[in-house]
Every structure is written in C-alpha cells, then in structure tokens.
Amino acid sequence: MEKGSFSYQAALVTGGLASTPLVVRSVFTVAKAFPSMLGAVIFLSLLVTSLVTPAYSSFIDRVSRRRVLAGLTLAESVVFACAFFLYPLLGRPLLIYLTLVGGVELVSNLYWTAANSLLRDVVTRENYRSQAGYAEISSQLPAVVAAGSAVFLSTLPFGSLLVFGVALDLVSAAMLSGVPEHRPDHFNGSGGTTMQGVERTWNHWSSVGIREFFRYVRAHLAQVALVYLIGFPFVFTVAGNFVKPVFIANILHGSPAFLAFSEAEYAGFAIVAGLVTPLLQRRLGDSSTLILLFSAYTVASFIMPMYASYTVFTVCQAIHGLGNPGSRVVRKSVVLKSVDRGELGRFNGSVSLLFTLTRMVIIGGSTIMISVGVQRVMVAFSVVQATLTALFLVALFRAPTVKRIFLSEAHWAD
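As structure tokens, then:
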C-alpha cells in the first residue's frame, strides 16, 4: 500500500475509533429507555444534513477536500470536549447521550461525502477496486476494536471515553496531512487555500453552489439514481441502527455487551467483504456481484425479525455484514471509474442526499410505528428493501445507461 493510501486509511480508522465506543454506549442507553427519542434525534440530524448537503457538496468540489475532512474531524473533537465539560454540570446523562448521537451522526454524514471524494486521489486505474475494499475495511475496523473491548470499555468512566475520543480525533486530523491531493485549476490563487479563501468560497457557494448542485443532479439523474439503487442496503442498515438496538434490548432482552458483539460481528464480516468483493468483481463482474449480495441480504432481512432467537439474529447479522458493505465496495468502484474527479463532491453529495431523504422517511415512519412493535417495523423495512431490489434489477437489465456504466472501462482522463 502506498504512503498516501496508508495515511488515508489510517486516518479513517483512527477517526472511527474516536467515536465508536461513545456511540455504542449512548445508542444502547437511549434505545433501552426512550426508543422514540433516539429516532427523533437521528431524524433531526438527517434533516440538518439534507439542508446543508447541496451547498456543501458544491463547496468540496472547490476547496481542499483534505482540509474539509480535517475540519470535520476537529469539529467532532469539539463535540466531545463540550460533552466532557457539560457532563458533570448538567446531571442529566440522557441529554449528553442524545447530543453525542445527534452530533456524531451529523458529522459522520458530511465526513463520508468528502472522504469518498478524496479517495479518488489515492487510487489508480489498476487498483481502484482494491482501494474501495480497503476503504470499507478501514471504516469497519473501529467497530471491531471498540466492540471487542466492550466489556473493558463499559467499566471506564464516561469522561475517560470522551478524552480518548478527543485525543484520537486530533491524531486522525494530523494523519490527513500525509494524503496527497490533486489540485484543480481553481486552486491557483487565493480561493480556498487559506482560511480567508475558504470563507469567501463558502459564502459564494452557499447560494451559487445550491443552484449548481441541482443543475448537476438534473444533468446526471440516471447515474445518480443507479448509484442510489446500488446503495439500498445502506439505507436499510442505517435505519436498522435505530431498530436493531431496540430489537436487542426489548425482544431478545440482550445487554450492551450483546449489542457490542453484534456490531463487532457485522464489522468483522464487513472486513471479509472488503477483501472478497473486489475478487468477485473481477471474476463475476460488477452486476453479477451485486445480484448475489442483494439476494443474500434481502433474505436475511426477512428472516431476522421472525424469530426472537440469538442464533437467528447472529446468522442474519453476519449476512448483513457481507451484503451491505460488499455492495458499498461495488458502488464506490463504479463511482471511481465513471465520475470525473472535479465532480465527485457533487455526485457523492447528490447520492448522499437521496440516501438521507430515504432514511428520514424510514426512521420517521419507524419512530411513529415503533409502538406497534419493532418486529413489524423490521418486516416493513424488508418489504421496502425488496421493492428497491426489484427496481434495481429492472434498471440493470433494461436501461442502456446502466449497461454502459457497468461495462465501461475505468478512465483517468482528469
């Protein structure tokens, strides 16, 4: 692995380690006591994300994506620092937990749009599939480490986890300095290379960038819709991040340790997917690989809520850990080979906006429906998922644009 790629992957791992232990503890605590409140906080974070995404996506096509990532990493450390000082003063741990869940969700949504765009600068025509797999592995390693040490972490004072998070975020931001970055023509001069330049660029693009963003979406609607459909398990999984803790706490009557174990299991199989999926892509092709992953994931989604069984849940969670991350590797590969470097911010942002809006609908609906039973909500998710699978298969076999994207060779013309 080249130095730039190593710095990029190491920054992702370290940043994930900063937040994962805090999020696991916070999510389980809230899910156990106030499941509807957890859904409301996640919904609010998604709403804010959807409002800023158009301007933000155009913005990161005009400035240093590496600096944007560093800034978001430092912003997360500020959230942790504020929680550290407020925790002993408020005397209301629930409020701190909700703030952390909402704050980390918001920062994470913006972070990955920029991170997926910066990935283009550390890949080549020969290794872009493997690098997409490595990026998936890097995003999952923190969950394995944090969940694997859940018993130890659960004995630590909450303030210690906050200090740990701040320190790792600072290390992650420093690691980003080792990532090489392509400098487009508009970097020449003052626009975006200094803090004043970034501020002027943001002020300009907060209005102009919104119009530019939606013009871009209209011009590339077929490609955006395709990548959105490829990512449908991601929509279900993030919604599952709300209902699965509720299912574990209230149906399986599990403990925080079992929630941590399920997260570690998912992440462990995601690492396997990051290694195996590029091999399947080379042997079977992107479209056949997706059909295989989608089918397995959809079947597991229907079976999981049918049984109040640790064994069934564990098996289905493992399949989820292969299906969703595997499809995400394919999605990143397709984007890397078919979208020009200078458009990645807007393209990833447009797909992210569709994901966010879908997640808002699903989480908003599930928050309202949670009173009818978490198992019924999960079955409803499975029906939505199967519908999206059918739409993707129709597009895959019938739409000329889709065939052209999947059959095209990687181009590194920019």
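First residue of the sequence shown? That's 1 in full-length UniProt numbering, and the numbers climb one at a time after it. Backbone N, C-alpha and C define an ideal beta-carbon position, used for all residues, glycine too. For clarity, every value in this text was computed on a predicted model and none was experimentally measured.
What did DSSP end up calling Gly197 once you bin it into helix, strand or coil? For the purposes of this step, residue 197 is identified with residue 197 of the sequence shown, where counting begins at 1. Any reading at Gly197 must be qualified, since the residue scores a pLDDT of 48, below 50, and its modelled position is unreliable; no value is offered.
Other residues of its chain near Asp140: CB distance less than 6 Å, five sequence neighbours each side excluded: On the sequence shown, position 140 is the one that residue 140 refers to. Looking at the sequence provided, one finds Gln at residue 140 rather than Asp. Once the five neighbours on either side are set aside, the close Cβ partners of Gln140 are Ala267, Ala270 and Ile271.
Going by C-alpha to C-alpha distance, which of Phe294, Ala300 and Tyr307 sits closest to Leu391? Counting from 1 along the sequence shown, the entry for residue 391 is found at position 391. Leu391 has its Cα closest to that of Phe294, out of Phe294, Ala300 and Tyr307.
_Considering only the alpha carbon of each residue, which of His320, Phe302, Phe347 and Thr20 lies closest to Gln375?_
Working through the sequence shown from its first residue, we reach residue 375 at position 375. It is Phe302 whose Cα lies nearest to the Cα of Gln375.
task = Run the CB neighbour count on Leu221, radius 10 Å, all protein chains shown included, and call it buried at 16 or more, exposed below.
result = Sequence index remark: in the sequence shown, residue 221 carries index 221 (1-based). Classification for Leu221: exposed.
In whole angstroms, what separates the C-alpha of Val379 from that of Val243? Translated into the one-based positions of the sequence shown, residue 379 becomes position 379. Translated into the one-based positions of the sequence shown, residue 243 becomes position 243. In a straight line, the C-alpha of Val379 is about 11 Å away from that of Val243.
Check your understanding: In whole angstroms, what is the alpha-carbon distance linking Leu38 and Asn348?
Key -> Start at 1 with the first residue of the sequence shown, and residue 38 comes out as number 38. Start at 1 with the first residue of the sequence shown, and residue 348 comes out as number 348. Cα to Cα, Leu38 sits roughly 27 Å from Asn348.
Notebook entry, point to check: Can you tell me whether Glu126 is buried or exposed, with buried defined as 16 or more other CB within 10 angstroms of its CB?
Noted result: Here the question's residue 126 lines up with position 126 in the sequence shown. Counting Cβ neighbours within 10 Å, Glu126 comes out exposed, since fewer than 16 surround it.
Query - Cβ shell of Ala31 (< 6 Å), same chain only, five flanking positions each side left out - result: Counted from its first residue, the sequence shown places residue 31 at position 31. Only Leu38, Pro245, Val246 and Ala249 meet the Cβ criterion.
Note down the Cα distance separating Thr73 from Thr49, rounded to an integer number of angstroms. Sequence index remark: in the sequence shown, residue 73 carries index 73 (1-based). Sequence index remark: in the sequence shown, residue 49 carries index 49 (1-based). Thr73 and Thr49: Cα-Cα distance of roughly 16 Å.
Please classify Tyr8: does DSSP put it in a helix, a strand, or coil?
To locate residue 8, count along the sequence shown from 1; it is residue 8. Tyr8 falls in the helix class under three-state DSSP.
Suppose the cutoff is 7 Å on Cβ atoms and the five residues either side in sequence are ignored; what does the same chain contact list for Leu170 look like? Indexing the sequence shown from 1 puts residue 170 at position 170. Excluding positions up to five away in sequence, the list reads Ser77.
Terminal residues of the alpha helix (DSSP H) in which Arg359 lies:
Numbered from its first residue, the sequence shown carries residue 359 at position 359. Unbroken alpha helix (DSSP H) run through Arg359: Leu344 to Met369.
Taking just the CA atoms, how far does Leu252 sit from Ser309?
-> Translated into positions along the sequence shown, residue 309 becomes position 309. Translated into positions along the sequence shown, residue 252 becomes position 252. For Ser309 and Leu252, the distance between alpha carbons rounds to 7 Å.
Please state if the CB of Arg67 and the CB of Leu344 are separated by a distance shorter than 8 Å. For this step, residue 344 is matched to residue 344 along the sequence shown. For this step, residue 67 is matched to residue 67 along the sequence shown. The answer is no: Cβ separation not under 8 Å.
### Task
For Asp286, count neighbouring Cβ atoms within 10 angstroms of its own Cβ and tell me buried if that reaches 16, exposed if not.
Along the sequence shown, read from residue 1 onward, the residue named residue 286 stands at position 286. Flag for Asp286 reads buried.
- 6 Å CB neighbourhood of Ile319 in its chain, flanking five on each side removed: The residue given as residue 319 occupies position 319 in the sequence shown. Excluding positions up to five away in sequence, the list reads Ala296 and Ala300.
Rounded to whole angstroms, what is the Cα-Cα separation between Arg359 and Met175? Walking along the sequence shown from the start, residue 359 turns up at place 359. Walking along the sequence shown from the start, residue 175 turns up at place 175. Each residue's Cα considered, the two are about 31 Å apart.
Item to check | Contact under 8 Å by Cβ, Leu118 with Arg65 | outcome: Here the question's residue 118 lines up with position 118 in the sequence shown. Here the question's residue 65 lines up with position 65 in the sequence shown. Yes, the pair counts as a contact, with Cβ atoms nearer than the cut-off.
Quiz item: Is the region 19 to 26 touching the region 96 to 114, taking contact as three or more C-beta pairs under 8 Å?
Solution: yes
Which term fits Asp340, buried or exposed, when burial requires 16 or more other beta carbons within 10 angstroms of its beta carbon? As a first step, residue 340 is located in the sequence shown; it is residue number 340 there, counting from the start. Exposed: under 16 other Cβ atoms inside 10 Å.
Query raised in the report: Going along the chain, which residues of its own chain have a beta-carbon closer than 6 Å to the beta-carbon of Val122, five neighbours each way excluded?
Result: Here residue 122 corresponds to residue number 122 of the sequence shown, with the count starting at 1. Hits under 6 Å: Gly4, Ser5 and Tyr8.
Hey, is Leu322's beta-carbon within less than 8 Å of any beta-carbon in chain B? No chain B is part of this structure, which consists of one protein chain only.
Item checked: Cutoff 6 Å; reference Ser130; Cβ partners in own chain excluding five residues on either side -> Working through the sequence shown from its first residue, we reach residue 130 at position 130. Answer for Ser130: Pro278, listed in chain order.
| request: Would you kindly work out how many angstroms separate the C-alpha atoms of Leu90 and Phe84, rounded to a whole number? | output: Position 90 of the sequence shown, counted from the first residue, corresponds to residue 90. Position 84 of the sequence shown, counted from the first residue, corresponds to residue 84. Distance between the alpha carbons of Leu90 and Phe84: 11 Å.
Buried/exposed call for Thr155, threshold 16 Cβ in 10 Å: The residue labelled residue 155 in the question sits at position 155 within the sequence shown. Counting Cβ neighbours within 10 Å, Thr155 comes out exposed, since fewer than 16 surround it.
Would you kindly work out how many angstroms separate the C-alpha atoms of Glu263 and Ser255, rounded to a whole number? Along the sequence shown, one-based indexing puts residue 263 at 263. Along the sequence shown, one-based indexing puts residue 255 at 255. Each residue's alpha carbon lies about 13 Å from the other.
| query | Between Gly274 and Glu136, is the Cβ-Cβ spacing less than 8 Å? | reply | In the sequence shown, residue 274 corresponds to position 274, counting from 1. In the sequence shown, residue 136 corresponds to position 136, counting from 1. Yes, the pair counts as a contact, with Cβ atoms nearer than the cut-off.
With Arg328 as the anchor, note down where its alpha helix (DSSP H) starts and where it stops. Translated into positions along the sequence shown, residue 328 becomes position 328. That run of the alpha helix (DSSP H) goes Tyr310 to Ser338.
Tell me which residues share the same chain as Ile230 and place their Cβ nearer than 8 Å to its Cβ, disregarding the 5 neighbours each side in the sequence. Here residue 230 corresponds to residue number 230 of the sequence shown, with the count starting at 1. Answer for Ile230: Leu290, Ser327, Val330, Arg331, Val334 and Phe392, listed in chain order.
TODO: Pick helix, strand or coil for Val23, following the three-state DSSP scheme.
DONE: As a first step, residue 23 is located in the sequence shown; it is residue number 23 there, counting from the start. Helix, per DSSP.
For Asp61, three-class secondary structure by DSSP: Translated into positions along the sequence shown, residue 61 becomes position 61. Coil at Asp61, not helix or strand.
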